[in-house]
Structure formats: structure tokens, C-alpha cells
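A short write-up of the structure that comes next.
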Amino acid sequence: MRNVIIQCLLCASVTFGIWIAVFSIYLRYNHVKKQAKIQEKGNPFIWSLGEKLQSKPDSMHIPRAYNVRVERQSEDEPAEPKLLLRLGENFNYSIPELRHGYSTYGFNPIISKNLGHYRNVPDTRNVMCRKKTYPAKLPTASIIICFHNEEFSALFRTLSSIMTLTSQYILEEIILVDDMSDFDDLKEKLDYHLEMFRGKIKLIRNKKREGLIRARMTGASHASGDVLVFLDSHCEVNKVWLEPLLNAVAKDPKMVVCPLIDVIDYLSLEYQPSPIVRGAFNWHLEFKWDHVFSYEIEGPEGPTTPIRSPAMPGGIFAISRHYFNEIGQYDKGMNLWGGENLELSLRIWMCGGQLYVIPCSRVGHINRQHMTNHSEVIKAMEYNNLRLVHTWLDEYKEQFFLRRPALKSAAYGNISERVELRKRLGCKSFQWYLDTIFPELEASEIIS
Numbered sequence: 000m001r002n003v004i005i006q007c008l009l010c011a012s013v014t015f016g017i018w019i020a021v022f023s024i025y026l027r028y029n030h031v032k033k034q035a036k037i038q039e040k041g042n043p044f045i046w047s048l049g050e051k052l053q054s055k056p057d058s059m060h061i062p063r064a065y066n067v068r069v070e071r072q073s074e075d076e077p078a079e080p081k082l083l084l085r086l087g088e089n090f091n092y093s094i095p096e097l098r099h100g101y102s103t104y105g106f107n108p109i110i111s112k113n114l115g116h117y118r119n120v121p122d123t124r125n126v127m128c129r130k131k132t133y134p135a136k137l138p139t140a141s142i143i144i145c146f147h148n149e150e151f152s153a154l155f156r157t158l159s160s161i162m163t164l165t166s167q168y169i170l171e172e173i174i175l176v177d178d179m180s181d182f183d184d185l186k187e188k189l190d191y192h193l194e195m196f197r198g199k200i201k202l203i204r205n206k207k208r209e210g211l212i213r214a215r216m217t218g219a220s221h222a223s224g225d226v227l228v229f230l231d232s233h234c235e236v237n238k239v240w241l242e243p244l245l246n247a248v249a250k251d252p253k254m255v256v257c258p259l260i261d262v263i264d265y266l267s268l269e270y271q272p273s274p275i276v277r278g279a280f281n282w283h284l285e286f287k288w289d290h291v292f293s294y295e296i297e298g299p300e301g302p303t304t305p306i307r308s309p310a311m312p313g314g315i316f317a318i319s320r321h322y323f324n325e326i327g328q329y330d331k332g333m334n335l336w337g338g339e340n341l342e343l344s345l346r347i348w349m350c351g352g353q354l355y356v357i358p359c360s361r362v363g364h365i366n367r368q369h370m371t372n373h374s375e376v377i378k379a380m381e382y383n384n385l386r387l388v389h390t391w392l393d394e395y396k397e398q399f400f401l402r403r404p405a406l407k408s409a410a411y412g413n414i415s416e417r418v419e420l421r422k423r424l425g426c427k428s429f430q431w432y433l434d435t436i437f438p439e440l441e442a443s444e445i446i447s
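Below, the structure is given as C-alpha cells:
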């Protein structure tokens, strides 16, 4: 009887051991499988919440012009309010935290915080772009990001997307310029989180508020990369975004290039693809996106063809560091932001450079909808536009004053340095710009 009991206990022990071994193998397999999925998504950050929002692959949204005349009400309201339901029917958009955050940041801070510091965004490039290859040797890039009271998660997603989706051998550095932010989470908390990027990020804190234009000049003065890449502080870069820009600048150092700017909806923070567009403006000096003629993308390169653009958007472009200094950087006499993109666009074209949109480079951008210093921004934009008008439009400045007669006698500071720069660079006339680069603008003279 004793032998039978011993044999039973022995069999039970062996069976139990086998089950333990099988269960351990299962757990190990499951863990490896999960790790493989994480690596496949390309997200090395432990605190990522994953891809919470997906955009329809066939939906195309023209990015909102975010450097326009502020007093005009935007006509481009969200076309599909029902998109908000994807975030949950019980989500209450009237709660105080959302209202306060929206008035402070210009977009939905609750969803921004829930998204965390990184997320995977859809690859919005054309299929032909995904097949393109680039030289192994490219110029290095210094990425310059200026911020003032930015929402923390949006700022950090900008940095995380760059570090995750940019080849390190072409990324010289990221230069962060804090333009005298007031918010506590942009001080010690930001310093603490930036430790994970030590060696790649330089943080510069202005001792007084300079405005975006002069803050960017500060960042550029600290850069050591071959190419300066300016980004806003609420962006998310897409896959293989930097190589197309650097490759274009490497071929022609006097070519300034912009990525296609995908839309990140300010309420849902959904990442939405943009069609191929070019930058333009009207006689009010309002920046706008313009459709591209079909013949421009019918060549052998198809939708990967660089698109000649009369103007650049305000925040996102790449330029040779040497050429940026040679052409006169920004007009440091301008205040805050507004108009600097059009002034630089005219200077590039009229003074011997080129300006193109590179469709194979994609960067998402949150088009903020509110500014707490509304009147201050309007005043700065009017002042900056006047400096542009009196320096670059020649006799066509009357077209601007026909539409803004109240500004004809307004002050715009001393522009003698910029006038002298134009002479020194041997720049062409604004008539040449209209005839050669943007004839559509002259044709719109009779339209108020």
C-alpha cells in the first residue's frame, strides 16, 4: 500500500512539474510576442498610451492657414463635428478644465495629456515616397523649436516624435528656446524630463520675452548643424521626414524647403493627412494654402515632385545655416510673430533663392484656435506687415493700403538696414516676383 501511495505522489509531482514548465514557456512566449509588437510600432517610450486616434486613410484635409490676419473670422471650421464622437459619447466638452485649457493653449489639453508624450501617427506619405531612397551622406540638421507657455504634453510629443523618427546620424541637435514662459511645468519638470535626451538637446531660456522671430534668431545663433530646421512647439513629425528636406538643400544650398503640413485637429487631436498644396497669400498679406496644378505632378516623379511655392507657412521649414546668415536671417525689427514668413519668402525669391514644398516630407501641426494676447498679436502683425510692405512691395504697396487704408500713416520703425540689405544682395523687383513666381496675385488686384 505504501509503495502505491509513493508512486502516486511521484506521478503527481512529475505531472505538476510538467504543467509548471509548459506554463512558464507560455508566459515567456507571450512576453516576447508583446515586445515584438512594441518594437514593430517603433515606440521606445515606456509611458506611451499607444495609438488612440486613427484617421481615415482616404480623408484629406487642407491645413488651416495659421499665420493670417487675426481679426478675420476663420471660414474653415471643422467639417465633421461627428469626429468628436470617436473619443466617447460621454466626453463632456463643457467641463471647466477643457474651457480653461482651450483658452490658454488654443487646443484640447485633456486629450493632449491623455495621449502622453508619444504616439504612433499614420504614415501619410504617397506610396511612391515610401520607395524613395536617399544618399547615405547628408548634411546634419539643427532643429530649432521656440516656445512660450506651451502645453507640456504637446511640447514633449514634438520632441519625442523627432527623437523616435529621425535618424541620429543626421540629427546634430535640437535647440529649445524658452521665450520667458510663466508656467511651472515648463521649468524644473521640463528640465527633469529632458535628461532622457541628454547630449542631443540644448535648452536656452530667454531672460525677457523676445517674441518668436527674435527667439528663432537666438536659436540659430547657437546652432552648429549644416541645415537649420525650424519647427513649432506643437508638431509631430512623420516617418522619414527629414531626409527629403536635407537632400533638397544638399543639391542646392539656396533652396529653402518646407514639408507638407498635415493637420492635427485642435479639438480631437486626430492626425489627418493633407493634400499636396503650396503656400500663397493675398493683398491683405494673409497667408493661405493654394491647390497645386495637376500638370505640376504629372511628370516622371509624380506626386513626389517638389512643388514651387510663392510663400512659406509661418513655422516649419529648412534652410542652409550659411544661406540663412547670408540672406539676412529674420528682420529683428519685427515684433512677436506674424508677417515674418512672407517677408522671408519674398526675400528668398527676389534675392536669388528658391522656395519649394517637398511632398515626401510630412509634419503634423496643431492649428491653435485661440490666443490670450489677441490684441497684442494684431498690433504686432500690423507693424510687421508695414515693415514688409515698405521694404519689398515697391509701388505695389498701394494695393495693400487700398485694403488697409488706416495703416497708411502708421509707424513701422527704422527699415534702413533692411533696405540696405536688399541693395547689397542685388534683389530683383516685386514686379519680377509677380511676373515670374506669383502672377495669380497680380491678377487679383481688382478683387477687394
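Each residue of the sequence shown is one higher than the one before, counting from 0 in numbering that gives the first Met the number 0.
Ideal Cβ placement from N, Cα and C applies to all residues, glycine included.
Small disclaimer: the values here were computed from a predicted structure and weren't measured.
| query | result |
| --- | --- |
| With DSSP run on the structure shown, which of helix, strand or coil describes residue 188? | helix |
| Would you check if the segment 247–265 and the segment 344–362 touch, i.e. whether three or more CB-CB distances between them fall below 8 Å? | yes |
| Measure the alpha-carbon distance for residue 274 versus residue 406 and round it to whole angstroms. | 36 Å |
| By Cβ distance below 6 Å, which residues in the same chain neighbour residue 110 in space, the five residues on each side in sequence not counted? | 268 |
| Residue 237 and residue 126: beta carbons closer than 8 Å? | no |
| When you compare the segment 148–161 with the segment 169–185, are there three or more beta-carbon pairs, one atom per stretch, that lie closer than 8 Å? | yes |
| Could you pull out every unbroken alpha helix (DSSP H) segment of at least 4 residues lying fully inside the segment 92–122, listed in chain order? | 95–104 and 108–114 |
| Have a look at residue 271 and residue 301 and give me their C-alpha separation to the nearest angstrom. | 22 Å |
| Taking contact to mean 3 or more Cβ pairs, one atom from each stretch, closer than 8 Å, check whether the segment 381–398 and the segment 407–426 are in contact. | yes |
| Under a three-way DSSP split, which group does residue 353 fall into? | strand |
| Give me the Cα-Cα distance between residue 403 and residue 310, rounded to the nearest whole angstrom. | 21 Å |
| Which runs of the beta strand (DSSP E) at least 3 residues long sit entirely within the segment 311–351? Give them in chain order. | 316–319 |
| Among 188, 129, 172 and 123, which one has its Cα closest to the Cα of residue 152? | 188 |
| Quick one, are the C-beta atoms of residue 217 and residue 171 less than 8 Å apart? | no |
| Using DSSP's beta-bridge definition, name the partner residues of residue 494. | Outside the modelled stretch of the chain, which goes from 0 to 447, sits residue 494, for which no answer is possible. |
| According to the neighbour-count rule (16 or more other Cβ atoms, all chains shown, within 10 Å of its Cβ), is residue 394 buried or exposed? | exposed |
| Looking only at DSSP bridge pairs, what is residue 364 linked to? | 234 and 262 |
| Could you tell me the distance, in whole angstroms, from the CA atom of residue 340 to the CA atom of residue 137? | 26 Å |
| Under three-state DSSP, which class holds residue 409? | coil |
| Alpha carbon to alpha carbon, what distance is there between residue 200 and residue 194? | 9 Å |
| Got a sec, what are the start and stop residues for the beta strand (DSSP E) residue 141 sits in? | 140–146 |
| What's the C-alpha gap between residue 134 and residue 246? | 8 Å |
| Counting only the same chain and skipping the five closest in sequence on each side, list residues whose C-beta sits under 7 Å from that of residue 385. | 406, 409 and 411 |
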